[in-house]
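Take a look at the structure set out below.
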Amino acid sequence: MEQILSKNETITKIRKGSMIIAVLCLIAAAFNLFVVGTEVYYLLTDAHTTQSGYWARIMIGYGINCVILLSAASVFFRISKNGRPFTRGNIMIVRGIGVLFIVNAVLPMLINAAIDGNPNMLFSLLDPTGVVEGILFLFVAQILHYGSLLQQESDETL
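Shown next as structure tokens:
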């Protein structure tokens, strides 16, 4: 038989899980920073920088991924602190993550095409998965907004 957790038990599990996810996001962000640093070092020490657009695309992509992961860590640290996922701040950060996913799908390719001087490569390099991920995060932000309205209604009822 399925056991139903009390509100306090549920909040405790959410707080613990959020802390674990926040730490994992920080580790992944550190890895992305390491990759960017490695790529910058390689770019500065390599005499063959004929594919500078490629390097710019890689560094910008990893840089934006790092910002996404740090933003996600921020959301999960906030949730672990107060146990409430439906806050205005969290909603705004999740929206920002959605926008960053879309930017990450488009911007590196535009810069690559501009640096290499080949506008025909734009559509071959576009990342439709990143655009869909961004749209999903924007939708999740709307769901969080609805949850915040329900939470506010519940808080006012009690």
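Using this note's numbering, the first residue of the sequence shown is number -3, and each one after it goes up by one.
Beta carbons are placed, not taken as given, at the ideal position from N, Cα and C, and that holds for glycine.
Check: When you compare the CB of residue 37 with every CB in chain C, is at least one pair closer than 8 Å?; Outcome: In summary, chain C is missing from the structure at hand, where a single protein chain is found.
Check: Closer than 6 Å by C-beta to residue 146: which residues in its own chain qualify, once you throw out the five before and the five after it? Chain order, please.; Outcome: none
Check: With 16 as the cutoff for other CB atoms within 10 Å, does residue -3 come out buried or exposed?; Outcome: Interpretation of residue -3 is limited by its pLDDT of 44, a score under 50 that renders its predicted location unreliable; the figure taken from the coordinates is listed afterwards. That one is exposed.
Check: For residue 14, count neighbouring C-beta atoms within 10 Å of its own C-beta (all shown protein chains included) and say buried if the count is 16 or more, exposed if not.; Outcome: buried
Check: Looking at the secondary structure, which residues open and close the alpha helix (DSSP H) in which residue 34 lies?; Outcome: 3 to 41
Check: Candidates 101, 32 and 81: which alpha carbon is nearest residue 8's?; Outcome: 81
Check: Along the alpha helix (DSSP H) that carries residue 135, what are the first and last residues, could you check?; Outcome: 124 to 153
Check: Helix or strand or just coil, what does DSSP make of residue 57?; Outcome: helix
Check: With a 10 Å radius around its C-beta and 16 neighbouring C-beta atoms as the bar for buried, classify residue 152 as buried or exposed.; Outcome: exposed
Check: Please name the residue in 142, 109, 144 and 20 whose C-alpha comes closest to that of residue 67.; Outcome: 20
Check: Are the stretch 86 to 94 and the stretch 53 to 61 touching by the rule of at least three beta carbon pairs closer than 8 Å?; Outcome: no
Check: For residue 72 and residue 108, I'd like the C-alpha separation in whole angstroms.; Outcome: 33 Å
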